[in-house]
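The structure appears right after this line, and notes come after that.
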Amino acid sequence: MSYVDPDTVHNPATGTVAPAAWGDVIRDDLEFLIDPPACSVFDNTGQSVADNTLATLNANSENFDNDAMHSTVTNNSRITVQTAGRYEFTSRVQFGTSGTGRRTITYRLNGTTSTTVASAAAVSGAAQTVPSFFKIVMGVGDYIEVQVFQTSGGSLTVTLVEFTGLFITR
Amino acid sequence: MTEEEIQERWEENRQAVQDAKTRVLTNFRVYALVREQVSGRARRRDPRYPVLNAEERTLIDQHREAWEDAKTELAEAQERFKAGVVEE
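Chains as they are written, first to last, in my numbering: chain B, 1 to 170; chain E, 171 to 258.
In structure tokens:
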């Protein structure tokens, strides 16, 4: 249950005995505090991303989702917020091996507003993982997607290793 | 299904989760209020032994059930959202 102000159930000024419902509220509020909305998803296959093209990454698998924030079936690139508040989004994206160009991560809000959250020069000799972090106030129904942009000169296999949204405060 | 229909159904499923959350909260508040009112009535009736009668216990149980049902509906709405939108 979402946070409920215990005062709305019982105000100690009006009586000396706290009703049982007050205990329910305290319990549920504590359960919300110890298990706030959290969603972590990833893609277990990787996808081909063309050179010099902004691409949205899919997430066909989940580590955890305790607030119905993600579907692996429809719009699986999105983490959709069901409880409004301040959120931290983090991700790790792995790019296929290439020492040319740059690797850029952006987070797109509600399909329209993009923010660059990480950009790194390519590293040769091995697949490259780029991490990113982002904090934002989210309303109910708002969603974030991870997008990538790479300039290797050719297509690369890109894998969303992890994409996580964590509730910080309301 | 067209892409537009899929997105429409997706949005309906998302809104259904919100509506279910609201019902859980509302039903809890009604349940809490009924419990407090009924308990208060029992205390006024007999401050030394504020025992609820059968009718009062039934009333509390009904509202508790409504709260539990709302929680079940929320879980179902969340499952439907996560299941996505597929061609029937």
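Cβ atoms here follow ideal geometry from the backbone N, Cα and C, with glycine treated the same way.
At a cut-off of 8 Å between beta-carbon atoms, Q232(E) makes no contact with chain B. Contacts with chain B at 8 Å (Cβ-Cβ) do not include V221(E). Setting aside the 5 residues that flank it on each side, Q248(E) is surrounded in the same chain by V187, each with a C-beta closer than 7 Å to its C-beta; the list follows chain order.
The beta carbon of N183(E) sits closer than 6 Å to those of R250, F251, all from its chain and outside the five residues before and after it, given in chain order. Classified as exposed, L33(B) has fewer than 16 neighbouring CB atoms from the shown chains inside 10 Å of its CB. Ranking A190(E), E175(E), S209(E) by CA distance to the CA of K241(E) puts A190(E) first. One alpha carbon belongs to L57(B), the other to V161(B), and they sit about 10 Å apart. Membership of Y201(E) in any beta strand (DSSP E) is not indicated; the residue belongs instead to the alpha helix (DSSP H) covering 173-215. Legend: CB atoms of the region 78-109 of chain B lying less than 9 Å from CB atoms of chain E belong to residues T80, Q82, T83. A check of alpha carbon separations from A68(B) across D239(E), E246(E), T172(E), R227(E) identifies E246(E) as the nearest.
Membership of Q150(B) in the beta strand (DSSP E) is indicated by the continuous run 143-150. A direct Cα-to-Cα measurement between Y219(E) and A18(B) gives close to 17 Å. The C-beta of G141(B) comes closer than 8 Å to at least one C-beta of chain E.
When the Cα atoms are used, Q185(E) and T74(B) turn out to be separated by approximately 15 Å. The alpha carbon of G46(B) has as its nearest neighbour, out of R102(B), C39(B), A55(B), the alpha carbon of A55(B). Identification of chain B residues near V200(E) by a Cβ-Cβ cut-off of 7 Å yields none; the smallest Cβ-Cβ distance measures about 10 Å.
The Cβ of A212(E) sits no closer than 8 Å to any Cβ of chain B.
Proximity of L229(E) to chain B, defined by a Cβ-Cβ separation below 8 Å, is not satisfied. For a Cβ distance threshold of 8 Å, residue set S71, V73 of chain B lies close to A253(E), ordered along the chain. The region 93-101 of chain B makes contact with the region 120-129 of chain B: 3 or more CB pairs, one atom from each, lie closer than 8 Å. The distance from the Cβ of D35(B) to that of N66(B) is about 6 Å, consistent with a contact at the 8 Å cut-off. Contacts with chain E at 8 Å (Cβ-Cβ) include P19(B). Looking at the backbone, the Cα of T159(B) and that of V148(B) are separated by about 10 Å. DSSP places A59(B) outside both helix and strand once states are collapsed to three, so it counts as coil.
Interface criterion not met: the Cβ of S61(B) is under 8 Å from no Cβ in chain E. Uninterrupted beta strand (DSSP E) stretches at least 3 residues long and entirely within the region 66-92 of chain B do not occur.
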